[in-house]
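Visitor: Pasting a structure here, questions to come.
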Amino acid sequence: MKTENITSHEYETIVAIERTCSGISLLGCSFIIITFLTTTAFRKPINRLVFYASIGNLFTNFGTFISRSTLSDPDGPFCQFQAFLIQMFLPADAYWTLAMACNVMFTFFFHFDLVELRQLEKWYVLMCYGIPFIPAFVFFFVHNRQDGDMYGSAISWCWIDTKWSWWRIWSFYAPAWLAIAITMIIYGVAGKKIYDKRQELHRANERASPDPPQPKPRQETSTSPQAKILPTTHDPPQASATTPARPGPPRSRPNKKANAALWAYAKVSLLFFLALMITWIPSTANLCFGGGLAAAGLLECGDLYPDEFGCLSGVLDGVEETGGFV
Numbered sequence: 340m341k342t343e344n345i346t347s348h349e350y351e352t353i354v355a356i357e358r359t360c361s362g363i364s365l366l367g368c369s370f371i372i373i374t375f376l377t378t379t380a381f382r383k384p385i386n387r388l389v390f391y392a393s394i395g396n397l398f399t400n401f402g403t404f405i406s407r408s409t410l411s412d413p414d415g416p417f418c419q420f421q422a423f424l425i426q427m428f429l430p431a432d433a434y435w436t437l438a439m440a441c442n443v444m445f446t447f448f449f450h451f452d453l454v455e456l457r458q459l460e461k462w463y464v465l466m467c468y469g470i471p472f473i474p475a476f477v478f479f480f481v482h483n484r485q486d487g488d489m490y491g492s493a494i495s496w497c498w499i500d501t502k503w504s505w506w507r508i509w510s511f512y513a514p515a516w517l518a519i520a521i522t523m524i525i526y527g528v529a530g531k532k533i534y535d536k537r538q539e540l541h542r543a544n545e546r547a548s549p550d551p552p553q554p555k556p557r558q559e560t561s562t563s564p565q566a567k568i569l570p571t572t573h574d575p576p577q578a579s580a581t582t583p584a585r586p587g588p589p590r591s592r593p594n595k596k597a598n599a600a601l602w603a604y605a606k607v608s609l610l611f612f613l614a615l616m617i618t619w620i621p622s623t624a625n626l627c628f629g630g631g632l633a634a635a636g637l638l639e640c641g642d643l644y645p646d647e648f649g650c651l652s653g654v655l656d657g658v659e660e661t662g663g664f665v
């Protein structure tokens, strides 16, 4: 149905869903931030990236919690501010997921250690927040007589106005999906390497034979001093001494611990990527089915995107902390 045919009751339902999920998401983001700041053991490479992403999620959820309250004055400062928050911080999650994939790539293929990974974080922050900041800031000043300001009503909240909807594709969806596509390629290549590595370890374990049988103790003979002093017609008795055999060199075992850590790192990063896909597909589908039309269900699914990711981030990080992932 057309957007103008959406009833006031359906709008109220959308607002209720947005604010409820935004509140849940804020709790998830708060859990991540508080745990990171108060628990030293939690400050691992993957968790630091999630921490940086959660800061952006706080601003996103603040913007979605406002919901339609600013639409009464689309040219006002509050509407413009809400649009800026959504334009800048909402696509940042896709970039942070790419950053996690880059860490997996650098770890598996270039053998980066923790120090080298941490040195990359400043570039990740610059990429994930600097890239979306440029269009988000420039759009404050975009205006023409026919369509008015670029920031305005986007039905569910203030964002890029529906009259400028094509700019949503070029400035929001296209860069985000490009990041997602690169992430998919990285995980595909890394996944093959992980599979080959695990198969190699499996074959190495099968080739490993049990401990070889211990050799019989070697008998060494020595003539008793008394035998030399006492005359006898018999052969002198010989005292025997048992010399224990030297243990053989320990068997070499595959370094399972390091490979398990790499696999755990990749597994957590992949979970975040799947969470991103689950939440981005409805939002993109809403745009593809748009062009003046909008299904209320798709609108609600698209609006749930930032909130779902924040909530899933909190749950996954809680599992990671208790389960001992990398």
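First residue of the sequence shown? That's 340 in our numbering, and the numbers climb one at a time after it.
Virtual Cβ for every residue (Gly too), placed ideally from N, Cα, C.
Would DSSP call residue 496 helix, strand or coil?
Guide: Your numbering for residue 496 matches position 157 in the sequence shown. Shown here, residue 496 sits in coil according to DSSP, grouped into three states, outside any helix or strand.
Visitor: DSSP puts residue 490 in a beta bridge; with which residues?
Guide: Counting from one through the sequence shown, the residue named residue 490 turns up at place 151. BP columns for residue 490 point to 499.
Visitor: So, helix, strand or coil for residue 312, using DSSP?
Guide: Given that the chain is displayed from residue 340 to residue 665, the structure contains no residue 312 and the question cannot be resolved.
Visitor: Would residue 438 and residue 463 qualify as a contact pair, given that the criterion is a beta-carbon distance under 7 Å?
Guide: What you label residue 438 is simply residue 99 of the sequence shown in a count that begins at 1. What you label residue 463 is simply residue 124 of the sequence shown in a count that begins at 1. The answer is yes: Cβ separation under 7 Å.
Visitor: If you draw a straight line from the C-alpha of residue 357 to the C-alpha of residue 544, how long is it?
Guide: Taking the sequence shown and counting its residues from 1, one reaches residue 357 at position 18. Taking the sequence shown and counting its residues from 1, one reaches residue 544 at position 205. If I take the Cα positions, the gap works out to 52 Å.
Visitor: Using a Cβ-Cβ cutoff of less than 6 Å, which residues in the same chain neighbour residue 372 once the five nearest sequence positions on both sides are dropped?
Guide: Residue mapping note: residue 372 aligns to position 33 of the sequence shown, counting from 1. Cβ neighbours of residue 372 beyond the five flanking positions: 393.
Visitor: Just to confirm, are residue 518 and residue 391 a CB contact at a threshold of 7 Å?
Guide: Indexing the sequence shown from 1 puts residue 518 at position 179. Indexing the sequence shown from 1 puts residue 391 at position 52. Not a contact, by the Cβ cut-off of 7 Å.
Visitor: Which residue from 442, 507 and 465 puts its Cα closest to that of residue 454?
Guide: Here the question's residue 454 lines up with position 115 in the sequence shown. The candidate whose alpha carbon is nearest that of residue 454 is 442.
Visitor: Determine the direct distance from the alpha carbon of residue 398 to that of residue 406, and round the result to whole angstroms.
Guide: Indexing the sequence shown from 1 puts residue 406 at position 67. Indexing the sequence shown from 1 puts residue 398 at position 59. Going from the Cα of residue 406 to the Cα of residue 398 covers about 13 Å.
Visitor: Might you give, ordered along the chain, the residues of its own chain that have their beta carbon closer than 8 Å to the beta carbon of residue 639, omitting 5 neighbours on each side?
Guide: What you label residue 639 is simply residue 300 of the sequence shown in a count that begins at 1. Residue confidence for residue 639 is low, a pLDDT of 44 falling below 50, so the modelled location carries little weight and cannot support an answer.
Visitor: For residue 516 and residue 377, what's the separation of their Cα atoms in angstroms?
Guide: Position 177 of the sequence shown, counted from the first residue, corresponds to residue 516. Position 38 of the sequence shown, counted from the first residue, corresponds to residue 377. One C-alpha to the other measures close to 34 Å.
Visitor: Count Cβ pairs between the region 500-513 and the region 445-452 that sit closer than 8 Å; are there 3 or more?
Guide: no
Visitor: For residue 615 versus residue 436, is the C-beta spacing smaller than 7 Å?
Guide: Within the sequence shown, residue 615 is the residue found at index 276, counting from 1. Within the sequence shown, residue 436 is the residue found at index 97, counting from 1. In this structure, residue 436 lies closer than 7 Å to residue 615 by Cβ.
Visitor: Less than 7 Å separating the beta-carbons of residue 413 and residue 347?
Guide: By 1-based counting over the sequence shown, the position of residue 413 is 74. By 1-based counting over the sequence shown, the position of residue 347 is 8. Not in contact: residue 413 and residue 347 (Cβ atoms no closer than 7 Å).
Visitor: Pick out whichever of 432, 350, 408 and 385 has its Cα sitting closest to the Cα of residue 618.
Guide: Residue 618 sits at position 279 when you count from the first residue of the sequence shown. Looking at the Cα atoms, 432 is the closest of the given residues.
Visitor: Alpha carbon to alpha carbon, how far is residue 531 from residue 421? Give it in angstroms, no decimals.
Guide: Stepping through the sequence shown from its first residue, residue 421 is reached at position 82. Stepping through the sequence shown from its first residue, residue 531 is reached at position 192. Their Cα atoms are separated by approximately 42 Å.
Visitor: Once you ignore the five residues that flank residue 588 on each side, which residues in its own chain have a CB closer than 7 Å to its CB?
Guide: For the purposes of this step, residue 588 is identified with residue 249 of the sequence shown, where counting begins at 1. Because the pLDDT at residue 588 is just 48, under 50, the model does not fix this residue reliably, and the value given afterwards should be weighed accordingly. Excluding positions up to five away in sequence, the list is empty.
Visitor: Using CA atoms only, rank isn't needed, just tell me which of 526, 401, 383 and 349 is closest to residue 613.
Guide: Position 274 of the sequence shown, counting from 1, holds the residue named residue 613. That would be 526, whose Cα lies nearest to the Cα of residue 613.
Visitor: Identify the continuous alpha helix (DSSP H) that holds residue 391 and give its terminal residues.
Guide: Locating residue 391 in the sequence shown gives position 52, counting from the first residue. Counting along the chain, the alpha helix (DSSP H) containing residue 391 begins and ends at 384-405.
Visitor: Between residue 460 and residue 388, what straight-line distance do the alpha-carbon atoms span, to the nearest angstrom?
Guide: Taking the sequence shown and counting its residues from 1, the one referred to as residue 460 is at position 121. Taking the sequence shown and counting its residues from 1, the one referred to as residue 388 is at position 49. About 8 Å.
Visitor: For the alpha helix (DSSP H) that contains residue 504, what are its first and last residues?
Guide: Stepping through the sequence shown from its first residue, residue 504 is reached at position 165. Its alpha helix (DSSP H) spans residues 504-507.
Visitor: Buried or exposed: residue 490, going by 16 or more other Cβ atoms within 10 Å of its Cβ?
Guide: One-based indexing of the sequence shown puts residue 490 at position 151. Residue environment for residue 490: buried (at least 16 other C-beta atoms within 10 angstroms of its C-beta).
Visitor: In or out: residue 426 buried (at least 16 other Cβ within 10 Å) or exposed?
Guide: Within the sequence shown, numbered from 1, the residue matching residue 426 stands at position 87. Under this definition residue 426 is a buried residue.
Visitor: Hey, would you say residue 502 sits closer than 7 Å to residue 486, going by beta carbons?
Guide: For the purposes of this step, residue 502 is identified with residue 163 of the sequence shown, where counting begins at 1. For the purposes of this step, residue 486 is identified with residue 147 of the sequence shown, where counting begins at 1. Going by C-beta atoms, residue 502 is nearer than 7 Å to residue 486.
Visitor: In terms of residues, what are the limits of the alpha helix (DSSP H) holding residue 345?
Guide: Position 6 of the sequence shown, counting from 1, holds the residue named residue 345. That residue, residue 345, is in no alpha helix (DSSP H); it is neither H nor E in DSSP.
Visitor: Considering Cα atoms alone, identify which of 624, 471 and 350 is closest to residue 509.
Guide: Here residue 509 refers to the residue found at position 170 when the sequence shown is read from its first residue. Among 624, 471 and 350, the Cα nearest to that of residue 509 belongs to 471.
Visitor: Here's the rule: buried if 16 or more other CB atoms are within 10 angstroms of the residue's CB, otherwise exposed. What is residue 620?
Guide: One-based indexing of the sequence shown puts residue 620 at position 281. Taking all protein chains shown into account, residue 620 has fewer than 16 neighbouring C-beta atoms within 10 Å of its C-beta and is therefore exposed.
Visitor: Flag residue 520 as yes when its Cβ comes closer than 6 Å to any non-hydrogen atom of the ligand ADP, and as no otherwise.
Guide: Looking at this structure, you won't find the ligand ADP or any other ligand, since it has none at all.
Visitor: Taking the DSSP output, what are the residues bridged to residue 482?
Guide: Mapped onto the sequence shown, residue 482 falls at position 143. Assignment of beta-bridge partners to residue 482 by DSSP yields 488.
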